[in-house]
Amino acid sequence: MDEQSLGYQLLNVVARQSDDLWRQVAQQGMNYFVPTANLDDIDVVYKFRLARSFNFVPSEDAGGVVTFRYPTVTGRIGTTPYTIASTSRNNIEDFWYLALPNRLTRGAVSTGRHVIVAAGTSIGGSPLLNTDATVFPGSGVPYIPSRLWVTLAGGTTYLSSRDNIPLRGLVRLTGLTRANVLDSELIIFLHDGTQSTTKEWQRIDRVDIHNIEPSGAIGDPRPPATIRIEASRFNDGPYEDFYNFEHSKHSKELHPTFLNVRSYTNSAGGALPVLEKINYIVDSFFSRISEDPGVLPTGSTLIDREVVKRAELLDEAGVVLPGVRDMKVQPFSTRIWVLDTSNRVHIYDRYWHYPNLGAATAKNYDANCFIEVLSHHEVLNNDLVLEFFQGRLTKTPVRHRVYLQRPDGSKAVISETGTLDVWSPGGGFVFTAPVGRILRTPATVRLSQRGDWIFTLEVRYADNSSETDQRIVSVESKRALRTLDLTTNGFPAGTYTGLSFDSDQKLWVLDVAGTKHELVPHYDVMLVDFNKKIIFFREPFDQVSVVP
Amino acid sequence: MHSEIATLGTRFQVASWGEAGLGQSFNVSSIEHVGRPLASEIFNEFDEAGLLLVLKRLPGEKNAAYKRRLFDVFRRRANATYKGLLYGITRELGLELFSPFRIAILRTAGMPNGRNPVIEFDGPEVRVWADRLVDSTPELTLDRFDMSIAQLVTAINVSIYISATVPIATIGLERAMQIADQSSLVHVSSELLTDSVVNVLENRNLVAGSLFFSGTTAYTTRVGTPEAVTAPGRYFLDRTSGTLISFESPGPVAAIRYQYLVDPLEVVASPIILHNIQGTTFKRKMFERVLLEDGTTALGLPTPLGTDLINELLSVKGTLYGK
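Protein chains in written order, with our numbering: chain A, 1 to 548; chain B, 549 to 871.
Dropping the structure here:
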């Protein structure tokens, strides 16, 4: 689909709002049930009731409406003062759901294992007795409350029959649940892939695997299938989980898409830290055996992946990140947390940039001659190939020119040989005749600025009529809403390699030594009830002082 | 006062200010209102579930902790039994059950060292049996009342029939009385059998001599091997796996009563210690033991602990009866 067509633009006007609405409805649906309800919903606030004699300072806005000025508020924890910020709209959404953390602290620290069965472990040893079970996930240290992720790879047969009884691939986990109950859980596999448990586990004693081939049986020359079990997924993207699901449930596109970060090499050979939107190509067999997009197989021959969009990642100051290690989508939110190679975490929104097509002022949507580009979304210093075609051979082009406008407003003409020449209002036309439907040879342009590039093709025909086609290609970048440095926020110096949300929706960061540190965000914001003279806080300050 | 501020802008005059006298002026913008904010809970979907489950959010309790308590209502029902009280009180106070250590049956060459080795936590007493069904006295009797968990584990590991895993350091320092009363011997009063010659029971490690069948004549003579099940009434029992093999199907209304050993036993503990003041073992803690002429003992005057508890109970009596 041409995303710069009129139809696409028409749909796109309501797409984001529709998607947001769907997410909110879905979240409300999940809130009906305790197991799936959003733990980040507003629960406990701290309120400070001002004296009745306290008077806010009135102020008058440009429209003559008299309101009150926000008081100057300082909160103290111990002897440390924190300046409290007001929110832009002074409502609960800004105060709780859209507020950004302004500082971090280190919460619990877990030195327990999060990898229960290492990647590449043969299923031939089933039952896999976890000899080190007593130290999973933590021996005396707080463990990360989590469901487990079970990954099977290299299996060729998951469905079979014995004595006319159908058999399915099974993995049975036995151990101690988070609720301190000795229990077991059965997971059914129909193909290679990753599935999560429904129970939360604090210890696994035994793993049994049945009905999966190759099983490593004696005499079978095939390498056996392998299994991996993890309590948290650090640095293991792309994450095919619910919260990383990009499309709404009702999207007509069958292909689920997910986000991931990595280092991308652009056309200039530079390494860019990018956020990628990855599309899973699913064949019809997959559609038949599972309708659950959260159970996508990875590494299976059934599917493939393609990157449909990517954006360069910048920090809060607009400086490109030195490199990226991991990302996680915050549950029930539009926030993406990214860990970079300088031990900083960045918070991004999950929205993608769409250019304002109103900038293509000269575009004739029914133009006979037109530009085609492989992608309307590129990253810095990538080469863009422009192709030029004639749609219907009803008119004869006699001359044409192609020029571009960079994001900084400067223009250049693209010559027939592909070089960039100085732009002038009437210059740059070429007079070569089209070959078949090809108007002129393709041109390659290196996109050296971030922002929206406008490419214009002007064609003059033999009947003295003229047409213009325009394409806007965005050099994508995402600027962090917030950047926080771990080492200046109380985390020990070292190398941090991964992020993971636990089943309590708390964020953990993994260091290179395997220790997990709970990352506790703090929000020094206030919500002011001017009528009742109450100020609400998110943090449990020991003391607050308020000056009108 | 408000009109004065409005009149004077950011400054106003105070009519009286103690020893400072009249005529002092203050800058309104410099007056600080100082205090401590109080936690306030916002009703949300978890509180809705709490209404249904009769479990209110505790003051200042966050969603994650509250959710766990809500789940706990389903897992551990509160009632007037020992377990029910333990579960209910632990949950209502926002505390959690925990597992300080595990107990496993010791084996030699795959066979248990004892015929039916059992551990029982009964008030202040902990008893270890080599064969709970036959022996009249336990192998070990421990008084855990003043012990730490680590000390209790050391004492248990003297046994040659069972062993306990070493608890982590912080838990090891807790009182051993936090371990709830429990036993590794469990009684199943009735389990229905399927109408099949092979029945796999819900539990393993069945105790020999504890089985009783009802509603069937398919199990009258126990034999030593599955191959020996050659005539009606003969059956084979694999105690370890809980598998029953009979010559004929037991019929649609057959049931079995049995006991089994929990191995390993995941010991359950709670920060709440429940004492049964009617229990024989705890009465010995509350009252002095007096030697009688016939050589037996009887309960005498209250011990200091007993005195404290009796006074405590008397002090809440009025509250209970609304006085």
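Every residue gets a Cβ at the ideal spot worked out from N, C-alpha and C, and that includes glycine.
Linking D469 (chain A) to N382 (chain A) through their CA atoms gives a straight-line distance of about 22 Å. About 6 Å separates the beta carbon of L313 (chain A) from that of V324 (chain A), a gap short enough to meet the 8 Å contact definition. At the C-beta level, D220 (chain A) and T174 (chain A) stay beyond 8 Å of one another. At a beta-carbon threshold of 7 Å, none of the residues of chain A lie near E796 (chain B); the nearest stands roughly 23 Å away. Those residues of the stretch 33 to 50 of chain A placed with their C-beta closer than 9 Å to a C-beta in chain B are F33, V34, P35, A37, N38, L39, D40, D41, I42, D43, V44, V45, Y46, K47, F48, R49, L50, ordered along the chain. Counting only Cβ-Cβ distances below 8 Å, L176 (chain A) has contacts in chain B at S647, E814, in chain order. Shortest Cα-Cα distance from P127 (chain A) to any of A:S215, A:E93, A:A62, A:R49 involves A:S215.
Secondary structure of A359 (chain A) (DSSP, three-state): helix.
With 16 or more other CB atoms across the displayed protein chains lying within 10 angstroms of its CB, H377 (chain A) is buried.
Residues of chain A with a Cβ closer than 9 Å to the Cβ of K615 (chain B) are, in chain order, V34, P35, A37, L39, D504. The residue among A:T441, A:L484, A:P540 with its C-alpha nearest the C-alpha of F370 (chain A) is A:T441.
Under the Cβ criterion of 8 Å, D542 (chain A) is counted among the residues facing chain B. Taking 8 Å as the Cβ-Cβ cut-off, the stretch 179 to 195 of chain A approaches chain B at A179, N180, V181, L182, given in chain order. By the rule that beta-carbons nearer than 8 Å mark a contact, L603 (chain B) does not touch chain A. Against chain A, a Cβ distance below 7 Å from P585 (chain B) picks out Y46, K47, F48, F537, F541, V544. In the DSSP assignment, R616 (chain B) falls outside any beta strand (DSSP E) and within the unbroken alpha helix (DSSP H) covering 611 to 623. In terms of Cα proximity to Y614 (chain B), the closest of A:S86, A:N38, A:E93 is A:N38.
The beta carbon of G490 (chain A) lies closer than 6 Å to those of T105, R106 in the same chain, with the five residues before and after it left out. Nearest C-alpha to V546 (chain A) among A:Q27, A:Q28, A:G75, A:V66: A:G75.
Annotation for F619 (chain B): no residue places its beta carbon closer than 6 Å to its own, counting only its chain and skipping 5 residues before and after. A Cβ of chain A is located within less than 8 Å of the beta carbon of H581 (chain B). Contact annotation, E213 (chain A) with T198 (chain A): C-beta distance approximately 26 Å; criterion of less than 8 Å not satisfied. Under the three-state reduction of DSSP, Y808 (chain B) is assigned to strand. Counting the other Cβ atoms within 10 Å of the Cβ of N356 (chain A) gives fewer than 16, which makes it exposed. In the DSSP assignment, L740 (chain B) falls within the unbroken beta strand (DSSP E) covering 733 to 740. Inclusion of L190 (chain A) and G169 (chain A) in the CB contact set at 8 Å is warranted, their separation being smaller than that value.
Between the C-alpha atoms of F761 (chain B) and R663 (chain B) there is a straight-line separation of about 22 Å.
K478 (chain A) is bridged by DSSP to A:L313.
Closest in alpha carbon position to Y143 (chain A), among A:R203, A:V520, A:R162, is A:R203. Close to R623 (chain B), with beta-carbon spacing below 8 Å, are these residues of chain A in chain order: A179, V181. In this structure, the beta-carbon distance from A652 (chain B) to D504 (chain A) does not fall below 8 Å.
Within chain B, no residue has its CB atom less than 7 Å from the CB of F491 (chain A), the nearest being about 22 Å off. The C-beta of F54 (chain A) comes closer than 8 Å to at least one C-beta of chain B.
A Cβ of chain B is located within less than 8 Å of the beta carbon of N31 (chain A). The contact set of E775 (chain B) on chain A, defined by CB atoms closer than 8 Å, is empty, because the minimum CB distance reaches about 22 Å. By the C-beta density criterion, H735 (chain B) is exposed, having fewer than 16 other C-beta atoms within 10 angstroms.
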